[in-house]
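Chemist: Line by line, the protein sequences are chains A and B.
Residues in the first sequence are numbered from 0 upward in steps of one, following numbering that gives the first Met the number 0.
Residues in the second sequence are numbered from 0 upward in steps of one, following numbering that gives the first Met the number 0.
C-beta atoms are modelled at their ideal positions from N, C-alpha and C, and glycine is treated no differently.
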Amino acid sequence: MSAELLTDLTIFVLAVLAGYEVISKVPPTLHTPLMSGANSVHGIVLIGAMMIAADARTPLGYALSFVAMAFAAMNVVGGYLVTDRMLHMFRARPS
Amino acid sequence: MSAAESVVRLIYIGAAACFVVGLHEMNSPATARRGNLLSAGGMAAAVLATMVLLATRGGVTSTGWIVLSAGAVAGAVPGMYAARAVRMTAMPQLVSVFNAVGGGAAALLAAVDLIGHRVAGVSGTTAVTGALDILIGTVTFTGSLVAAGKLQGWVPGRPLLYPGARAVFGTLAVLLAAGAVWLAADPASLAALAVLLGAAAVFGVLMVLPIGGADMPVVVSLLNACTGVAVAMAGFAIGNTVLIIAGALVGASGGILTKLMADAMNRSVPAVLAGGFGTGDSPNPVAGGASGTVRQTTAEDAAIQLGYAGKVIIVPGYGLAAAQAQHEIAELARFLESRAVEVSFAIHPVAGRMPGHMNVLLADANVPYPQLKDMDEINPEFARADVALVVGANDVTNPAARRPGNAVSGMPILDVDQARSIIVIKRSMGHGYAGIDNELYTDPKTAMLFADAKAAIGALLAALKTLAGHR
Chain A
0 MSAELLTDLT
10 IFVLAVLAGY
20 EVISKVPPTL
30 HTPLMSGANS
40 VHGIVLIGAM
50 MIAADARTPL
60 GYALSFVAMA
70 FAAMNVVGGY
80 LVTDRMLHMF
90 RARPS
Chain B
0 MSAAESVVRL
10 IYIGAAACFV
20 VGLHEMNSPA
30 TARRGNLLSA
40 GGMAAAVLAT
50 MVLLATRGGV
60 TSTGWIVLSA
70 GAVAGAVPGM
80 YAARAVRMTA
90 MPQLVSVFNA
100 VGGGAAALLA
110 AVDLIGHRVA
120 GVSGTTAVTG
130 ALDILIGTVT
140 FTGSLVAAGK
150 LQGWVPGRPL
160 LYPGARAVFG
170 TLAVLLAAGA
180 VWLAADPASL
190 AALAVLLGAA
200 AVFGVLMVLP
210 IGGADMPVVV
220 SLLNACTGVA
230 VAMAGFAIGN
240 TVLIIAGALV
250 GASGGILTKL
260 MADAMNRSVP
270 AVLAGGFGTG
280 DSPNPVAGGA
290 SGTVRQTTAE
300 DAAIQLGYAG
310 KVIIVPGYGL
320 AAAQAQHEIA
330 ELARFLESRA
340 VEVSFAIHPV
350 AGRMPGHMNV
360 LLADANVPYP
370 QLKDMDEINP
380 EFARADVALV
390 VGANDVTNPA
400 ARRPGNAVSG
410 MPILDVDQAR
420 SIIVIKRSMG
430 HGYAGIDNEL
440 YTDPKTAMLF
450 ADAKAAIGAL
460 LAALKTLAGH
470 R
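#1: List the endpoints of the continuous beta strand (DSSP E) containing Lys310 (chain B).
#2: On the three-pair Cβ rule with 8 Å, is the region 448-466 of chain B touching the region 307-325 of chain B?
#3: Can you give me, in chain order, the residues of the region 321-353 of chain B that have a beta carbon less than 7 Å from any beta carbon in chain A?
#4: Run through the DSSP bridge pairs and tell me what Phe202 (chain B) is partnered with.
#5: With a threshold of 8 Å between beta-carbons, can Thr465 (chain B) be considered close to chain A, or not?
#6: What separation, rounded to the nearest whole angstrom, lies between the Cα atoms of Val99 (chain A) and Val66 (chain B)?
#7: Please report the distance separating the alpha-carbon of Lys310 (chain B) from that of Ala332 (chain B).
#8: Ignore the nearest five residues each way along the sequence and tell me which others in Val386 (chain B)'s own chain have a CB closer than 7 Å to its CB.
#9: For the 8 Å Cβ check, are there 3 or more pairs between the region 144-162 of chain B and the region 199-218 of chain B?
#10: If the criterion is Cβ atoms closer than 8 Å, does the pair Ala350 (chain B) and Pro315 (chain B) meet it?
#11: Name the one or two DSSP bridge partners that Gln295 (chain B) has.
#12: Quick one: using the 10 Å Cβ neighbour count with 16 as the cut-off for buried, is Thr31 (chain A) buried or exposed?
#13: I need the straight-line Cα distance from Ile328 (chain B) to Phe344 (chain B), nearest angstrom please.
#14: Let me know the secondary structure DSSP gives Val342 (chain B) once reduced to three states.
#15: Let me make sure I understand the geometry here. Which of B:Val85, B:Val59 and B:Glu4 has the alpha-carbon closest to that of Ala45 (chain B)?
#16: For Ala72 (chain A), which residues from the same chain have a beta carbon less than 7 Å from its beta carbon, with the 5 sequence-adjacent residues on both sides left out?
#17: Does the Cβ of Ala187 (chain B) lie closer than 7 Å to at least one heavy atom of the ligand NAD?
#18: Using the beta-carbon count (16 or more within 10 Å), is Gln92 (chain B) buried or exposed?
#19: Whether or not the region 31-41 of chain A and the region 242-260 of chain B are in contact is what I'm after, with contact meaning three or more pairs of Cβ atoms, one per stretch, closer than 8 Å; do they touch?
#20: Using 10 angstroms around the beta-carbon of Asp83 (chain A), count the other beta-carbons present and answer buried if the total reaches 16, otherwise exposed.
#21: Inspect the beta-carbon positions of Ala446 (chain B) and Arg294 (chain B) and report whether they are closer than 8 Å.
#22: What is the residue span of the alpha helix (DSSP H) that Leu108 (chain B) lies within?
#23: Measure from the alpha carbon of Thr226 (chain B) to the alpha carbon of each residue in B:Leu131, B:Leu335 and B:Val19, then state which is nearest.
#24: Using a C-beta cutoff of 8 Å, does Ala72 (chain A) count as contacting chain B?
#25: Just how far apart, CA to CA, sit Arg402 (chain B) and Asp373 (chain B)?
#26: Scan the region 66-78 of chain B for residues whose Cβ lies nearer than 7 Å to a Cβ of chain A and list them as they occur along the chain.
#27: Helix, strand or coil: which one does DSSP assign to Gly279 (chain B)?
#28: On the three-state DSSP scale, how would you describe Ala387 (chain B)?
#29: 8 Å is my cut-off, CB to CB: does Thr278 (chain B) come that close to chain A?
#30: Excluding the 5 residues preceding and the 5 following Ala289 (chain B) in the sequence, name in chain order all residues of the same chain whose CB lies nearer than 7 Å to its CB.
#31: May I have the straight-line CA-CA distance separating Val127 (chain B) from Ser64 (chain A), to the nearest angstrom?
#32: Strictly below 8 Å CB to CB, what residues from chain B border Leu5 (chain A)?
#33: For Ile243 (chain B), go through chain A and note every residue whose CB falls closer than 7 Å to its CB, in chain order.
#34: Which residues in chain A have a C-beta closer than 7 Å to the C-beta of Leu175 (chain B)? List them in chain order.
#35: If you compare alpha carbons, which of A:Leu5, A:Ser1 and A:Met34 is closest to Ala251 (chain B)?
#36: If the cut is a Cβ gap below 7 Å, which residues of chain A does Leu108 (chain B) touch?
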């Protein structure tokens, strides 16, 4: 097992624990926005899609990278916007 | 490591911190929006930094840049449009679609990475995590699309069962495991990749099809967690820590949310996945053979009861969400308030189509946030309520849950039966999700108003205006 893999595993385990602690305190009323918010966070896959698009050299590579970019961009942009739209509604009605 | 690369790595750490703090700020309605913006800011910084890194590093072909930007636009524009245009009642399926594309992207990423490095050879870590990423990402992609289809009504909401399902499923699971092991052992094999992709895609569809529409929120949440894990695996495969951190965060959060949802519905996650439960969204549920007599009422009688009450608690449920009657109920609440009636909404954790969905719907209809009370807060207040108005909620109000030995036993419920009188708006005596009679309906204090939620509330409001008027 390489040192790099061990470092990555450490990061993975700590991030799982951080996620557990951060999330378990959210009240049920915010669960749907939270699910949507968490859904946008895994849009970070966009960075991976950019990396593989940058390394692509074959027509198949370009085609698959294009689809991966489109999917990931939709996840990020749509996810954050729809979460913001939901949370916008939680503001108290101006009296 | 070049200077640019070091800076980018530092920005990634900052982005990861933004995700954690952003999710933490979603704890409270007051900071939730800021939290989401912070998370979005972290994401934007990470994406920009990656862009700069790729530009300074060089080695990206011009076709590569075109593919990169065209793909981004092709995904961002429809995503933006859908997020802005979607009706709030259709939001659960949109979240499911966004989850699907995330999983699809994660799976493609590993597939492209494995194909691209086929000749040069890949490390054992990349092969194993890449295979896991493709497996999980593809299952969530097709599974989430089917879930979205069920929520939208394009795929029948009822559990779709077929003979020999168990055998087909078992064979597929074996094929899936074999494909993953094969690909991990021989990452250069296109055949292994094809077997794994195909088996995972079919598995995702067959996993969700037998699950009833009412269980879909639990499934969407579970698939959301799975996408997180797939993204973390993609991070291992391509050696990118920010993917590992963000993916693990989402995996943990989705996992907890799934369990909370299942608990609140008195279901276990394995039981949900076993499928075949519930009738889904059948428009004409089979009438339950209710024992005991049921008292019916009219919109006029109910209006008078509400109009002259001191304290009214509204209990909105799935029926209200399905009938899209959130604006009508909000108007009714405002009218009652104008008559100095104290109005609050009792929100069960799983009311609506997803946990918290009812809050979003009612907030969309401009119900002030302080009027929305969660279960623990509102339950002691029922005893002081003159009228509890139940709109399309069933199992979450069934007093039978307090006794052992039935399908809802132990489920957290709203203490609606403690109110001095109860009005239930419901289309029929049909059973809820648990498939048993609701003892609340045969309670002598309860009056039933059989109608569609939207029509019934409209009639109540009209009757209130003519009979009671503003006080």
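Modeler: To lay it out plainly:
#1: Indexing the second sequence from 1 puts residue 310 (chain B) at position 311. Here the beta strand (DSSP E) through Lys310 (chain B) covers Lys310 to Pro315.
#2: yes
#3: Ile346, Pro348 and Met353
#4: Stepping through the second sequence from its first residue, residue 202 (chain B) is reached at position 203. DSSP output for Phe202 (chain B) lists no bridge partner at all.
#5: Locating residue 465 (chain B) in the second sequence gives position 466, counting from the first residue. Not closer than 8 Å to any Cβ of chain A, the Cβ of Thr465 (chain B) fails to qualify, so no.
#6: Residue 99 (chain A) cannot be examined here, being either before or after the span of chain A that is shown, 0 to 94.
#7: Translated into the one-based positions of the second sequence, residue 310 (chain B) becomes position 311. Translated into the one-based positions of the second sequence, residue 332 (chain B) becomes position 333. Rounded to the nearest angstrom, the two C-alpha atoms are 11 Å apart.
#8: For the purposes of this step, residue 386 (chain B) is taken as the residue at position 387 of the second sequence. Contacts found: Gln304, Leu305, Ala308, Val311, Ala418, Ser420 and Ile422.
#9: yes
#10: Here residue 350 (chain B) corresponds to residue number 351 of the second sequence, with the count starting at 1. Here residue 315 (chain B) corresponds to residue number 316 of the second sequence, with the count starting at 1. It is a contact, given that the beta carbons lie within the stated cut-off.
#11: Here residue 295 (chain B) refers to the residue found at position 296 when the second sequence is read from its first residue. Answer is B:Met447.
#12: Locating residue 31 (chain A) in the first sequence gives position 32, where the first residue counts as 1. Buried is the call here.
#13: Start at 1 with the first residue of the second sequence, and residue 328 (chain B) comes out as number 329. Start at 1 with the first residue of the second sequence, and residue 344 (chain B) comes out as number 345. If I take the Cα positions, the gap works out to 10 Å.
#14: Residue mapping note: residue 342 (chain B) aligns to position 343 of the second sequence, counting from 1. Strand.
#15: Here residue 45 (chain B) refers to the residue found at position 46 when the second sequence is read from its first residue. It is B:Glu4.
#16: By 1-based counting over the first sequence, the position of residue 72 (chain A) is 73. Result list for Ala72 (chain A): Leu45, in chain order.
#17: The ligand NAD is absent from the structure shown, which contains no ligands of any kind.
#18: Along the second sequence, read from residue 1 onward, the residue named residue 92 (chain B) stands at position 93. So Gln92 (chain B) ends up on the buried side.
#19: yes
#20: Numbered from 1 along the first sequence, position 84 holds the residue referred to as residue 83 (chain A). Asp83 (chain A) is buried by the Cβ-count criterion.
#21: Here the question's residue 446 (chain B) lines up with position 447 in the second sequence. Here the question's residue 294 (chain B) lines up with position 295 in the second sequence. Cβ atoms of Ala446 (chain B) and Arg294 (chain B): closer than 8 Å.
#22: Within the second sequence, numbered from 1, the residue matching residue 108 (chain B) stands at position 109. Run containing Leu108 (chain B): Met90 to Gly115, per the alpha helix (DSSP H) assignment.
#23: Your numbering for residue 226 (chain B) matches position 227 in the second sequence. That would be B:Leu131, whose Cα lies nearest to the Cα of Thr226 (chain B).
#24: To locate residue 72 (chain A), count along the first sequence from 1; it is residue 73. Yes, Ala72 (chain A) counts as interfacial toward chain B.
#25: Here the question's residue 402 (chain B) lines up with position 403 in the second sequence. Here the question's residue 373 (chain B) lines up with position 374 in the second sequence. Straight-line Cα distance between these residues: approximately 23 Å.
#26: Val66, Leu67, Ala69, Gly70, Ala71, Ala73, Gly74, Ala75, Pro77 and Gly78
#27: Taking the first residue of the second sequence as 1, we reach residue 279 (chain B) at position 280. Caution is warranted here: a pLDDT of 40 is assigned to Gly279 (chain B), below 50, making its placement in the model unreliable, and no coordinate value can be reported.
#28: What you label residue 387 (chain B) is simply residue 388 of the second sequence in a count that begins at 1. Reduced to three states, the DSSP call for Ala387 (chain B) is strand.
#29: Within the second sequence, numbered from 1, the residue matching residue 278 (chain B) stands at position 279. In this predicted model, Thr278 (chain B) has a pLDDT of only 42, less than 50, meaning its place in the structure is not dependable; the value taken from the coordinates is given anyway. No - not a single Cβ of chain A is within 8 Å of the one on Thr278 (chain B).
#30: One-based indexing of the second sequence puts residue 289 (chain B) at position 290. Per-residue confidence for Ala289 (chain B) stands at a pLDDT of 46, beneath the threshold of 50, marking its modelled position as unreliable; the derived number appears in the next sentence. Counting only Cβ-Cβ distances below 7 Å, and skipping sequence neighbours, we find Met428, Asp436, Tyr440 and Thr441.
#31: On the second sequence, position 128 is the one that residue 127 (chain B) refers to. On the first sequence, position 65 is the one that residue 64 (chain A) refers to. Taking the straight line from one Cα to the other gives about 21 Å.
#32: Translated into the one-based positions of the first sequence, residue 5 (chain A) becomes position 6. Residues of chain B passing the Cβ test: none, with the nearest at roughly 11 Å.
#33: By one-based count along the second sequence, residue 243 (chain B) stands at place 244. What Ile243 (chain B) touches in chain A: Asp7, Ile10, Phe11 and Ala14.
#34: Position 176 of the second sequence holds residue 175 (chain B). Chain A residues near Leu175 (chain B): none, gap ~21 Å exceeds 7 Å.
#35: Sequence index remark: in the second sequence, residue 251 (chain B) carries index 252 (1-based). Nearest C-alpha to Ala251 (chain B): A:Met34.
#36: As a first step, residue 108 (chain B) is located in the second sequence; it is residue number 109 there, counting from the start. The answer, in chain order, is Val44, Gly47, Ala48, Ile51 and Ala67.
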